[in-house]
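A short worksheet on the structure shown next.
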Amino acid sequence: MSLTTASSQQESETSRFGARYALILVALLWAVQLSPIVGLLVGNSQSEIAIHFHTTRIAWFSQTSSLVGIFLLPFVVKAAGIYGKKRVMLVAIALGLVGDLIAATATSYSTLLVGRGLAGIYGPIAALGYAMARDVFPRRMVGQASGFLGGGIGLVALGGPFLSGWVIDSWGFRGALWFMAIATALSLVLVLVFVPESPVREEHARMDWIGGLLLGGGLAAAIYGIGEGSQWGWTSGKTLGFIGGGLVAVIAFAFVERRVANPLFPLELLKRRQVWTVLLATSVIAGAIYSVGTVAQLLALMPKIPTISDGLGWSVTHNALINAPASVLIVVMAVVTGALARRIDARILLGIGAVLTTTGYGFASHFHHTAPQLMITGIVAAIGMGMIVSATPIMIIEAVAPAEQALANGAQNLTAGVAQVVFTQLAFTVLARGGTVMKGTQFYRDSGFTHGYWLICGVCLVGAALALLVPRAKRIDEVDAGQAAA
353 MSLTTASSQQ ESETSRFGAR YALILVALLW AVQLSPIVGL LVGNSQSEIA
403 IHFHTTRIAW FSQTSSLVGI FLLPFVVKAA GIYGKKRVML VAIALGLVGD
453 LIAATATSYS TLLVGRGLAG IYGPIAALGY AMARDVFPRR MVGQASGFLG
503 GGIGLVALGG PFLSGWVIDS WGFRGALWFM AIATALSLVL VLVFVPESPV
553 REEHARMDWI GGLLLGGGLA AAIYGIGEGS QWGWTSGKTL GFIGGGLVAV
603 IAFAFVERRV ANPLFPLELL KRRQVWTVLL ATSVIAGAIY SVGTVAQLLA
653 LMPKIPTISD GLGWSVTHNA LINAPASVLI VVMAVVTGAL ARRIDARILL
703 GIGAVLTTTG YGFASHFHHT APQLMITGIV AAIGMGMIVS ATPIMIIEAV
753 APAEQALANG AQNLTAGVAQ VVFTQLAFTV LARGGTVMKG TQFYRDSGFT
803 HGYWLICGVC LVGAALALLV PRAKRIDEVD AGQAAA
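Residue numbers (this note's numbering): 353 to 838.
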């Protein structure tokens, strides 16, 4: 169905926000925010898993699924434009569920990683969820719906830690793995029953297999090289080969896309300053705020062993209680920012959010030894995080036309995912410096936690500076008014 037909259908919808739209929003919210929920479960269970399986490679417990998601995201977004977003979402969720079941029943660390890798197929769902909001909601609701989907991370931040605390403290990491499977199954049911198919299609489009392999494979190879750099040595041939080969593949992707009839990501879209600057700034900032969990969770949950480990040794539930005030503020600030974006330039809101997170993490780099210290520094960072997660999807809406929404969301999720994986790998490398390996498990010292916070702090500051490159765009209310007039 053409975009014109889709617009006509939206215009004919009632302006009242009824039960139908509420159910769609709930279903999309669960689908979009399931990855952060899983991220909390993964982060909070990684210390227990590292000790149980006696591994120093615990980074790959979270990173394997991220790599798979990054590799597949270009294919998933393109397939959604050809075959329909709902149909592709259902296939990706079902395959992710299979991976969750393999991980939940794994008896070895290698099998666990296989399951987590297959579960990574779910990763691109968030990009499609945001695009679906634009396709199925009336114009006047798109901004609020997108802000609600983005601000849902605050609900995850509030309830997720207590949920993961209850699951892990009661049933251990096995309980966490089984909960992931149950949550994915619920997402499958909600999308199947309540979310309508998007009427927007890319007419006469075909899958760009070569472009997808070059982009996804190149990014995955480069990230894998970064992840193994500390083990292989940063100047070793293997490290440089993976990183260099991956970058060459990404460059080749740019040349290939110029010559194919149906490119995976139209380079003309990415050439626009309004688009590439938004993608760059939001991806760097989002990658930083999501990767900081690596430092915070290991600090709180690793045991305290004199001369061996400087973790705080908290339970997951106790850590959730400490972070509860910050979680509430994320929700509040996400809602407030969504309303402010109708009157204030979203670039300003994003920049202020990045500065506040930089401030919070800067304080945390030195003050992270007691519960009150982490509560105070977390509150400062949470105000900024709430602004960031709400402003990001709004800036994407302001930067592109409706027909380009899925591609832009896919590009933002891809670049933010790459940034998060890279920053997380670097955080693990920084944390391990000066640490100790005992009985096959990596433990961390206080200096590692300090440097880890400084790493994230520096990246957030860079993101704030990049926000200055974004040109002025129409605010979300101006976009809605312009489209209605058209």
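Here a beta-carbon is modelled for each residue, glycine too, at the ideal position from N, C-alpha and C.
Rounded straight-line distance, which links the Cα of Thr711 to that of Thr729 | 8 Å
Skipping 5 residues on each side, what residues in its chain have a beta carbon closer than 7 Å to that of Asp560?
-> Lys430, Val612, Asn614, Pro615, Leu616
If we call anything under 9 Å between Cβ atoms a contact, is Met493 one with Tyr373?
-> yes
Should His720 go down as buried or exposed, given a rule of 16 or more other Cβ atoms within 10 Å for buried?
-> buried
Taking all protein chains shown into account, do 16 or more other C-beta atoms lie within 10 angstroms of the C-beta of Val545, making it buried, or fewer, making it exposed?
-> exposed
Would a C-beta distance cut-off of 9 Å place Val627 and Ala763 closer than the cut-off?
-> yes
Just checking my contact of Ala557 with Gly436 at CB under 8 Å: how many whole Å lie between their CB atoms?
-> About 12 Å; that fails the 8 Å criterion.
For Asn396 and Ala816, the rounded distance between their alpha carbons = 29 Å
Please work out which residues of its chain come closer than 7 Å, Cβ to Cβ, to Leu807, disregarding the five sequence neighbours upstream and downstream, and give them in chain order.
-> Leu778, Ala779, Val782
Could you tell me the distance, in whole angstroms, from the CA atom of Leu592 to the CA atom of Ala379?
-> 43 Å
Once you ignore the five residues that flank Gly564 on each side, which residues in its own chain have a CB closer than 6 Å to its CB?
-> Pro426, Phe427, Leu616
Counting only runs of 4+ residues fully inside the stretch 591-678, write out the alpha helix (DSSP H) ranges in chain order.
-> 619-623, 625-653
So the beta strand (DSSP E) Phe795 belongs to, where does it begin and stop?
-> 793-795
Run the CB neighbour count on Met737, radius 10 Å, all protein chains shown included, and call it buried at 16 or more, exposed below.
-> buried
By DSSP, does Met790 sit in helix, in strand, or in coil?
-> strand
How many Å lie between Gly597 and Asp521 at the Cα?
-> 43 Å
Inside the stretch 415-473 only - alpha helix (DSSP H) runs reaching at least 4 residues = 437-456, 461-471
Through-space distance from Ala686 to Leu355, alpha-carbon basis = Its pLDDT being 43, under 50, Leu355 is placed unreliably by the model, and the measurement read from it follows with that caveat. Looking at the two C-alpha atoms, the distance is approximately 30 Å.
Would you kindly report the start and end of the unbroken alpha helix (DSSP H) that includes Val732?
-> 723-751
Would you call Ile784 buried or exposed, if buried means 16 or more other Cβ atoms sit within 10 Å of its Cβ?
-> Note on identity: in this sequence residue 784 is Ala, with Ile being the wrong assignment. With 16 or more Cβ atoms within 10 Å of its Cβ, Ala784 is classed as buried.
What is the rounded straight-line gap between the Cα of Pro618 and the Cα of Val668?
-> 44 Å
Segment limits, alpha helix (DSSP H) that includes Thr408 | Careful: Thr408 lies outside any alpha helix (DSSP H) and carries neither H nor E.
DSSP on Arg824, reduced to helix/strand/coil?
-> coil
Using three-state DSSP, classify Gly585 as helix, strand or coil.
-> coil
Would you report the Cα separation of Gly370 and Ser588, rounded to the nearest angstrom?
-> 60 Å
Count the other CB atoms, across all protein chains shown, that sit within 10 Å of the CB of Thr357; report buried if there are 16 or more and exposed otherwise.
-> Reliability of the predicted coordinates at Thr357 is poor, the pLDDT of 45 falling under 50, and no value is obtained from them.
Host alpha helix (DSSP H) of Met559 (start-end) = Met559 -> no alpha helix (DSSP H), and no H or E assigned at all.
Indicate whether Ile420 and Leu470 have their beta-carbon atoms separated by less than 9 Å.
-> The sequence shown places Val at residue 420, not Ile. Cβ atoms of Val420 and Leu470: closer than 9 Å.
Determine the direct distance from the alpha carbon of Val608 to that of Ile674, and round the result to whole angstroms.
-> 50 Å
Beta carbon of Gly794, beta carbon of Ile410: below 9 Å?
-> The displayed chain sequence assigns Gln, not Gly, to residue 794. Cβ atoms of Gln794 and Ile410: closer than 9 Å.
By DSSP, does Glu756 sit in helix, in strand, or in coil?
-> helix
Inter-residue Cα distance where the pair is Gly472 and Gly451 = 8 Å
Quick one: residues in its chain with C-beta nearer than 7 Å to the C-beta of Ile578, no 5 flanking neighbours on either side, listed in chain order?
-> Ile595, Val774, Gln777
Straight-line gap, Val488 to Thr659 (C-alpha atoms, nearest Å) | 57 Å
Could you check how far apart the C-beta atoms of Ser387 and Ala478 are, in whole angstroms? I think they sit under 8 Å.
-> 6 Å
Status (buried if at least 16 other CB within 10 Å, exposed otherwise) for Ile491 | Residue 491 is actually Arg in this sequence, not Ile. It counts as buried.
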